[in-house]
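Before any comments, here is the structure.
Numbering (our numbering), first residue to last: 1 to 66.
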């Protein structure tokens, strides 16, 4: 069995940090509720897609280890 590396942790932290920064900027910049919600939903969707890609890839790698 392979050891987990710090790369896995970094791969999770980067999308979450990206969403947090995007949320802060959205709150600071947006003047309308619609713009704020759109920006936050877009950021959350982006993070979700990244997590699915990373976790799906990790599951595939683990299942194909000899």
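We put the CB at the ideal spot given by N, CA and C, even for glycine.
Would a C-beta distance cut-off of 8 Å place residue i and residue j closer than the cut-off?
i: residue 26; j: residue 40; result: yes
i: residue 18; j: residue 52; result: no
Apart from the five residues just before and just after residue i, which ones in its own chain have a Cβ nearer than 7 Å to its Cβ?
i: residue 23; result: 40, 43
What's the gap between the Cα of residue i and the Cα of residue j?
i: residue 56; j: residue 11; result: 13 Å
i: residue 34; j: residue 28; result: 14 Å
i: residue 38; j: residue 32; result: 10 Å
i: residue 54; j: residue 13; result: 12 Å
i: residue 36; j: residue 45; result: 14 Å
Return the chain-ordered list of same chain residues with a C-beta closer than 6 Å to the C-beta of residue i, the five sequence neighbours on each side being excluded.
i: residue 50; result: 15
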